[in-house]
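These notes concern the structure reproduced below.
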Amino acid sequence: MKVLFLVQKEQRAILDRLYEGVAENCECDVRWLSSDEQRNLRRYFRREVDVSRYDRIIFFLRFKQEIRQVGFIRTVPNLVILEHDAYQNYIPCKYTGKFSAHYRRLPWARVISSGHMVTERLREEGFDAVFVPKGYDQALLQEQGRERDIELAFVGSTNSVAYSGRKALLDELARVEPLVVTRTKSGEEYCATLNRIRFFVSADVGMGEYMIKNFEAMACGCVLLAFDQGAAENEALGFKDMVNVVFYKDIPQLQEKLLQLRMNPLLAADIARNGQELAVQQFSFAQIGRRIVDALQPPLRARAPLSLVERLRLRLGV
3 MKVLFLVQKE QRAILDRLYE GVAENCECDV RWLSSDEQRN LRRYFRREVD VSRYDRIIFF
63 LRFKQEIRQV GFIRTVPNLV ILEHDAYQNY IPCKYTGKFS AHYRRLPWAR VISSGHMVTE
123 RLREEGFDAV FVPKGYDQAL LQEQGRERDI ELAFVGSTNS VAYSGRKALL DELARVEPLV
183 VTRTKSGEEY CATLNRIRFF VSADVGMGEY MIKNFEAMAC GCVLLAFDQG AAENEALGFK
243 DMVNVVFYKD IPQLQEKLLQ LRMNPLLAAD IARNGQELAV QQFSFAQIGR RIVDALQPPL
303 RARAPLSLVE RLRLRLGV
């Protein structure tokens, strides 16, 4: 299978290993699109892409730019959309309902979503949705055997509206526990910081799926204290409470379990080790890339015939 994989050139997350994981499992042409190229996909395709060469064309681009160009995107054959932010379709934020509205205009496209329950909801709405979770960069993030001199911490952003629940929970926790909240540069500094943390607090409140930081913290040997996203999500990922992860639904429950772990460091060590093993086996970008390619294999739905206007615009390149 020959795949054209269009990704963002400028983004904070380092996802090169994910792209490599996809490329290792198919004949893959990875293109990094600048912000300007993402803003004018019609021009980019006219100059740079022969769509007839590819069995699948994957968009992993800014949703903000995709929804502005749906008229052109409707003309792209063999389209698959890889989306890590579709949970925003179902939470109060500026994109509430907008993913569904976008996909309704592209009902033949396959959507690969990183949330199990998000995928199920999209399927219930009639979309060709497939679940492939987020993961972590196995080349950048590993357990290093460092002294874990930070007991309780969160590393990451709390600024956007989508993270308002996260910030509220972390603020509440910081009032009753010695919580460290910090940010680092991606790569070595981030890995070193995760390796200093004993208990990593994941506060994906109201998101309905687990963000990438959960898998990164597990891979680096932290005990993951994760806001519980529900039985179906947990089962789909193989997350088991007090076995390879620690779930909580509110601050009192988090404190109760944290006290138990402080009193039983051997249990905490077992959970950290089990979580790390699960992450390494299931959620490295090498594994996630393979799963993405597996999701490309089944036949796509038939695309609607192009309208006269669409055919004319394609012929004229405007």
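3 is the number of the first residue of the sequence shown in the numbering used here; add one for each residue after it.
We treat Cβ as the ideally placed atom computed from N, Cα and C, and that holds for glycine.
Legend entry - DSSP bridge partner residues for glutamate 190 (one or two, in chain order): Answer by DSSP bridge pairing: none, since glutamate 190 is not bridged.
Legend entry - Range covered by the beta strand (DSSP E) that runs through alanine 228: Its beta strand (DSSP E) spans residues 225–229.
Legend entry - Contact belief for isoleucine 214 with alanine 155 at Cβ below 8 Å, rounded distance in angstroms: Between alanine 155 and isoleucine 214 the Cβ distance is about 17 Å, and since that is not below 8 Å, they are no contact.
Legend entry - Given 8 Å, three or more beta-carbon pairs between the segment 142–151 and the segment 164–182: As far as the Cβ criterion goes, the segment 142–151 does not touch the segment 164–182, which means the pair count is below three.
Inset, instruction - Report buried or exposed for asparagine 161, applying the criterion of at least 16 other Cβ atoms within 10 angstroms of its Cβ. - result: Result: exposed.
Inset, instruction - Output the distance between the C-alpha atoms of alanine 233 and phenylalanine 133, rounded to the nearest integer angstrom. - result: Alanine 233 and phenylalanine 133: Cα-Cα distance of roughly 16 Å.
Legend entry - Contact under 8 Å by Cβ, tyrosine 138 with phenylalanine 217: It is a contact, given that the beta carbons lie within the stated cut-off.
Legend entry - Enclosing alpha helix (DSSP H) for aspartate 31 [first to last residue]: Looking at the DSSP string, aspartate 31 is not in any alpha helix (DSSP H); the run it does join, the beta strand (DSSP E), is 29–35.
Legend entry - Beta-carbon spacing of phenylalanine 7, phenylalanine 47 below 8 Å: Against a cut-off of 8 Å, the Cβ pair of phenylalanine 47 and phenylalanine 7 comes out as no contact.
Inset, instruction - Just mark glycine 23 as buried or exposed, buried being the case when its beta carbon has 16 or more other beta carbons within 10 Å. - result: With 16 or more Cβ atoms within 10 Å of its Cβ, glycine 23 is classed as buried.
Legend entry - threonine 184 - DSSP class collapsed to helix/strand/coil: Residue state for threonine 184 is assigned as strand, using DSSP reduced to three classes.
Inset, instruction - Could I get the ranges of all uninterrupted alpha helix (DSSP H) runs contained in the segment 237–310, with 4 residues as the minimum, in chain order? - result: Counting only runs of at least 4 residues, the segment 237–310 fully encloses the following alpha helix (DSSP H) elements, listed from N- to C-terminal order: 253–265, 267–284, 287–298.
Inset, instruction - Mark serine 309 as exposed unless 16 or more other C-beta atoms lie within 10 angstroms of its C-beta, in which case mark it buried. - result: Around the beta carbon of serine 309, fewer than 16 other beta carbons sit within 10 angstroms, so the residue counts as exposed.
Inset, instruction - Pick out whichever of Gly99, Arg305, Cys222 has its Cα sitting closest to the Cα of alanine 194. - result: Measuring from the Cα of alanine 194, the nearest candidate turns out to be Cys222.
Inset, instruction - Compute the distance between the beta-carbons of lysine 259 and aspartate 230, then report whether it is under 8 Å. - result: Against a cut-off of 8 Å, the Cβ pair of aspartate 230 and lysine 259 comes out as no contact.
Legend entry - Best match in Leu81, Leu43, Val51, Arg45 for proximity to isoleucine 60 [C-alpha to C-alpha]: Among Leu81, Leu43, Val51, Arg45, the Cα nearest to that of isoleucine 60 belongs to Leu81.
Inset, instruction - Check whether the Cβ of arginine 70 lies closer than 7 Å to any heavy atom of the ligand HEM, and answer yes or no. - result: Among the ligands in the structure shown, none appear at all, so the ligand HEM cannot be discussed.
Legend entry - Where the beta strand (DSSP E) through isoleucine 199 begins and ends: For isoleucine 199, the uninterrupted beta strand (DSSP E) run begins and ends at 199–204, by DSSP.
Inset, instruction - May I ask you to report which of helix, strand or coil DSSP gives glutamate 218? - result: Looking at glutamate 218 - three-state DSSP - the assignment turns out to be helix.
Legend entry - alanine 111 - DSSP class collapsed to helix/strand/coil: DSSP, reduced to helix, strand and coil, places alanine 111 outside both helices and strands of the structure shown, so it counts as coil.
Inset, instruction - Pick out whichever of Tyr21, Val120, Leu35 has its Cα sitting closest to the Cα of glutamate 12. - result: If you compare the alpha carbons of Tyr21, Val120, Leu35 with that of glutamate 12, the shortest gap goes to Leu35.
Inset, instruction - Mind listing, in chain order, the continuous alpha helix (DSSP H) runs of no fewer than 4 residues lying wholly within the segment 35–118? - result: Listed in chain order, the complete alpha helix (DSSP H) runs (minimum 4 residues) inside the segment 35–118 are 37–41, 43–50, 65–68, 72–75, 100–106.
Legend entry - Three-way DSSP call (helix, strand, coil) for leucine 154 in this model: If DSSP states are grouped into helix, strand and coil, leucine 154 belongs with the strands.
Inset, instruction - Confirm, please, whether the CB-CB distance from valine 207 to arginine 150 is below 8 Å. - result: Valine 207 is positioned such that its CB atom lies no closer than 8 Å to that of arginine 150.
Legend entry - Expected contact under 8 Å - CB spacing of leucine 108 and phenylalanine 74 to nearest Å: So it is not a contact: roughly 11 Å between Cβ atoms.
Legend entry - Nonlocal neighbours in the same chain, by C-beta distance under 7 Å from arginine 106, ignoring five residues either side: There are no such residues.
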